[in-house]
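Residue numbers (the numbering used here): 1204 to 1525.
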Ligand code: SAM
């Protein structure tokens, strides 16, 4: 099976249905995000969070970047260091339990007059739900598979055995176009950079359940920029009440040095008094296309309006284009 071309070219290729706090802290009882008794890495399941406000922000940017890259008549690689399960059922399993998607994609599903970048993202989710109802959510590998061309490649890294099993099915269907490796994505990134076509989008999207993930992100980005300075890199991070999370954007900005970068964040509510929960998230893009800034300046006010859970919802955008 190969990826389809344009945004309206029919039902997309499908990763098998798959069924995790992305908060950097163990959630209180009743928040079924971390699975009891397992170390953070193996207890986190992205299915709990599929389609929530943080996925929306990340995937709006992802769709814009993939769309930009595919407009040039040269192949590129999509590298996903933390791929997750590829796609997620919303009407059963983890997502149905957590219902987090109701505060994310569900609020955009029937919205009218969306800014272009948000509409393009919703269109990709719609392509993954060809019957019209919102029943499943495409993770980053599925979004990429839907959007890339025959000549482009997906390189997916994931450590959780259950998620890699699903991704293996996906790669078997997609043939040579997709390669899945059950390995540490931070380390593996070195091995694939620079990619043969010298064009790539790398998504770095850890769960941050392990606070070492923050240091691993800056280390991976330092190495990646040394090996392949011109690549496009999308780093997602949670807005949680933790020093590491607050410092990360500034550390990434320093790594960007004199290069181009864009930093956008979206918070949907005020931080919870008990410190738990994800009230917002941010994305930092190295070497963004020139189109991203304008697209996000239109997208973010709409996302704030549609996804706000209380009056403290807010967004920020900052960057430099050289
Ligand atoms: N990128 C996905 C998307 O946008 O749909 C979501 C990824 S989820 C936030 C993070 C994933 O990273 C989890 O599935 C987790 O099992 C996996 N993971 C955790 N540590 C990892 C590591 N060192 N290398 C690769 N994958 C890892």
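All residues carry an ideal CB built from backbone N, CA and C; glycine is no exception.
For residue 1403, the enclosing beta strand (DSSP E) has its first and last residue at 1403-1407.
Under the three-state reduction of DSSP output, residue 1260 falls in the helix class. With a cut-off of 7 Å, the C-beta of residue 1342 is classified as near ligand 1, since at least one heavy atom of the ligand falls inside that distance. When distances are taken from the beta-carbon of residue 1489 to the heavy atoms of ligand 1, even the shortest one reaches 7 Å or more. Considering only 1253, 1487, 1437, 1365, the residue with the shortest C-alpha distance to residue 1339 is 1253.
The closest heavy atom of ligand 1 lies less than 7 Å from the beta carbon of residue 1363.
One alpha carbon belongs to residue 1465, the other to residue 1519, and they sit about 11 Å apart. The beta-carbon separation of residue 1435 and residue 1420, rounded to 16 Å, does not stay under the 8 Å limit for a contact. Rounded to whole angstroms, the gap between the alpha carbons of residue 1371 and residue 1251 is 21 Å. DSSP assignment within the stretch 1423-1491 yields the following whole alpha helix (DSSP H) runs of 4 residues or more, N-terminal first: 1446-1459. No residue range can be given for residue 1295, since it is assigned to no beta strand (DSSP E) and is classified by DSSP as neither H nor E. In the structure shown, residue 1522 adopts extended strand secondary structure according to DSSP, grouped into three states.
In this model, residue 1493 and residue 1445 are separated by some 32 Å (Cα to Cα).
For residue 1381, the enclosing beta strand (DSSP E) begins and ends at 1381-1384. Taken atom to atom, the span from the alpha-carbon of residue 1368 to that of residue 1398 is near 25 Å. Residue 1343 sits close to residue 1408, with the two beta carbons spaced by under 8 Å. A Cβ-Cβ distance of about 11 Å is found for the pair residue 1506 and residue 1264, leaving them out of contact under the 8 Å criterion. Between residue 1462 and residue 1490, the beta carbon gap of about 6 Å places them in contact (Cβ cut-off 8 Å). For residue 1356, there is no enclosing alpha helix (DSSP H); the enclosing beta strand (DSSP E) covers residues 1356-1360.
Annotation for residue 1514: no residue places its beta carbon closer than 6 Å to its own, counting only its chain and skipping 5 residues before and after. Residue 1405 counts as buried, since no fewer than 16 other beta carbons sit within 10 angstroms of its beta carbon. By the criterion of at least three beta-carbon pairs nearer than 8 Å, the stretch 1270-1284 is in contact with the stretch 1346-1363.
Contact between residue 1255 and residue 1306 holds: CB atoms are separated by about 6 Å, below the 8 Å threshold. Counting only runs of 4 or more residues that sit fully inside the stretch 1293-1373, the alpha helix (DSSP H) segments are 1296-1301, 1308-1311, 1319-1330, 1343-1350, in chain order. The criterion of a C-beta distance shorter than 8 Å is satisfied by residue 1267 and residue 1323.
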